[in-house]
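Trainee:
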Amino acid sequence: MKKLGLVLMAAAVTTISCKNQESETSENKAENEEIVVTGKPTANSDWKDLTKGDINENWKGYNRDSITQWTLSDGTLHFVPKEGRNQSENLITKEAYTDFELSMEWKISEGGNSGFMWAVVEDADLGEPYLTGPEIQVLDNEKHPDGKNGPNRHSGALYDMVEPSENVTKPVGEWNNVVLKIDHKANEGSVTQNGVTIVEFPVEGDGWEELVKNSKFADWERFGKSKSGHIALQDHGHEVWFRNITIKELN
3 MKKLGLVLMA AAVTTISCKN QESETSENKA ENEEIVVTGK PTANSDWKDL
53 TKGDINENWK GYNRDSITQW TLSDGTLHFV PKEGRNQSEN LITKEAYTDF
103 ELSMEWKISE GGNSGFMWAV VEDADLGEPY LTGPEIQVLD NEKHPDGKNG
153 PNRHSGALYD MVEPSENVTK PVGEWNNVVL KIDHKANEGS VTQNGVTIVE
203 FPVEGDGWEE LVKNSKFADW ERFGKSKSGH IALQDHGHEV WFRNITIKEL
253 N
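Heads up, the sequence shown is in the working numbering, so the first residue is 3 and it goes up one at a time.
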């Protein structure tokens with residue numbers, strides 16, 4: 003009986019050791035697991051990486067000659083507003099796009115607000131890119147005041163126009179993957195966030211005009227009028243990060 007007890011004890015210790023090893027392996031795997039990013043460029047892909055190299059390679063300041071509050075390091079664009087500033091500093095792509103898929107990851111600071119836009123027209127007479135370009139919202143839904151203004155102001159929304167079908171936004175401090183698709187040929191736009199398609203909308207015609215009519219942009223003369231334009235990342239006065247920004251033009 004004594005011998006049997008020793009055998010059972012040894013087996014128990016071996017089992018616990020194996021479970022601990024499995025747990026450590028799982029934890030290490032979770033720490034090292036790479037987020038699956040839609041539209042990751044490869045040698046032969048049609049995706050263009052907008053967060054490689056120097057920040058001035060693919061980006062410029064909206065109506066500005068220099069970039070002073072955004073940095074690009076290891077593929078991550080990081081915005082930190084300067085104290086005492088008196089002018090916003092939005093980023094726009096140097097190239098203009100019409101029909102495309104845009105993939106990126108974003109992370110917002112606590113209580114923060116930002117967004118990204120398409121079909122932005124750069125004009126010295128316009129102070130902000132949102133005067134022309136529709137916006138996909140980036141927000142701390144819980145702590146920013148806009149989170150109390152209805153779901154069409156929440157992260158992933160077509161801002162003030164189409165609310166997300168469900169809340170799939172990750173907690174502040176975590177990365178969210180989002181894909182924006184704009185296709186004028188099919189008259190379809192969509193937002194897929196963290197693997198779930200949460201917003202769908204027409205991009206032109208009566209359906210689009212109806213969305214604008216029922217929004218705060220109804221009387222904005224140039225809002226949403228252009229099919230082609232720049233992609234913009236918004237300076238809303240809060241710290242924000244964007245990474246793995248890739249784009250594929252649709253034929």
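Glycine included, each C-beta is placed from N, C-alpha and C at the ideal position.
Hey, which unbroken runs of the beta strand (DSSP E) at 3 residues or more fall wholly within the region 88-167?
Mentor: Fully enclosed beta strand (DSSP E) runs of 3 or longer: 93-95, 102-110, 115-122 and 137-141.
Trainee: Would you mind reading off the limits of the beta strand (DSSP E) that contains Leu-213?
Mentor: Not the beta strand (DSSP E): Leu-213 falls in the alpha helix (DSSP H), residues 207-215.
Trainee: If you run the structure through DSSP and keep just helix, strand and coil, what is Asn-246?
Mentor: Residue state, collapsed to three classes: strand.
Trainee: Taking a contact to mean a Cβ-Cβ separation below 8 Å, would you say Asn-178 touches Asn-154 in this structure?
Mentor: Cβ atoms of Asn-178 and Asn-154: not closer than 8 Å.
Trainee: Just to confirm before moving on: does the CB-CB distance between Phe-225 and Leu-133 stay below 8 Å?
Mentor: Result yes, Cβ atoms of Phe-225 and Leu-133 sit closer than 8 Å.
Trainee: Among Asp-208, Glu-251, Phe-118 and Phe-203, which residue has its Cα nearest to the Cα of Leu-141?
Mentor: Out of Asp-208, Glu-251, Phe-118 and Phe-203, Phe-118 has the C-alpha closest to the C-alpha of Leu-141.
Trainee: Specify, as a first and last residue, the run of the beta strand (DSSP E) that Ile-184 falls within.
Mentor: Segment 178-185, the beta strand (DSSP E) holding Ile-184.
Trainee: On the criterion of 16 or more Cβ atoms from any shown chain inside 10 Å, does Thr-27 qualify as buried, or is it exposed?
Mentor: Low confidence applies here, because Thr-27 scores a pLDDT of 40, under 50, leaving its location unreliable; read the following figure in that light. So Thr-27 ends up on the exposed side.
Trainee: Distance check for Glu-190 and Asn-151, CA to CA, integer angstroms please.
Mentor: One C-alpha to the other measures close to 26 Å.
Trainee: Output the distance between the C-alpha atoms of Pro-83 and Ile-200, rounded to the nearest integer angstrom.
Mentor: Rounded to whole angstroms, Pro-83 to Ile-200 spans 30 Å at the Cα level.
Trainee: Assign Gln-236 to one of two classes, buried (16 or more other C-beta atoms within 10 Å of its C-beta) or exposed (fewer than that).
Mentor: Buried, because 16 or more other Cβ atoms sit within 10 Å of the Cβ of Gln-236.
Trainee: Given that a residue counts as buried once 16 or more other Cβ atoms are within 10 Å of its Cβ, and exposed if not, what is Asp-162?
Mentor: Classification for Asp-162: buried.
Trainee: Would you kindly check if the distance between the Cβ of Gly-114 and the Cβ of Glu-241 is under 8 Å?
Mentor: Their beta carbons are under 8 Å apart, which means Glu-241 touches Gly-114 by this criterion.
Trainee: Buried or exposed for Thr-53, going by 16 or more other Cβ atoms inside 10 Å?
Mentor: Buried, since its Cβ has 16 or more Cβ neighbours within 10 Å.
Trainee: In whole angstroms, give me the CA-to-CA distance for Trp-49 and Asn-65.
Mentor: Rounded to whole angstroms, Trp-49 to Asn-65 spans 27 Å at the Cα level.
Trainee: Considering only the alpha carbon of each residue, which of Asn-92, Gly-55, Lys-172 and Ser-90 lies closest to Asp-76?
Mentor: For the residues Asn-92, Gly-55, Lys-172 and Ser-90, the minimum Cα distance to Asp-76 belongs to Gly-55.
Trainee: Taking the C-alpha atoms as reference points, what is the distance between Leu-74 and Pro-147?
Mentor: Going by the C-alpha atoms only, they are around 29 Å apart.
Trainee: I'd like to know whether the C-beta atoms of Val-181 and Ser-105 end up nearer to each other than 8 Å.
Mentor: In contact: Val-181 and Ser-105 (Cβ atoms closer than 8 Å).
Trainee: How would you call Gly-209, buried or exposed, if buried means at least 16 neighbouring beta carbons within 10 angstroms?
Mentor: Counting Cβ neighbours within 10 Å, Gly-209 comes out exposed, since fewer than 16 surround it.
Trainee: Using alpha carbons as the reference points, say which of Gly-86, Ser-47, Gln-71 and Asp-51 lies closest to Leu-93.
Mentor: If we check each option's Cα against that of Leu-93, Gln-71 comes out closest.
Trainee: Skipping 5 residues on each side, what residues in its chain have a beta carbon closer than 6 Å to that of Ala-98?
Mentor: Only Ser-230, Gly-231 and His-232 meet the Cβ criterion.
Trainee: Using the C-alpha atoms, what's the distance from Lys-109 back to Val-122?
Mentor: The straight-line gap from Cα to Cα measures roughly 22 Å.
Trainee: Under 8 Å by Cβ, that's how I've got Gln-139 and Ala-126 pegged, so tell me the actual separation to the nearest angstrom.
Mentor: With 8 Å as the limit, Gln-139 and Ala-126 do not qualify as a contact, their Cβ atoms being about 27 Å apart.
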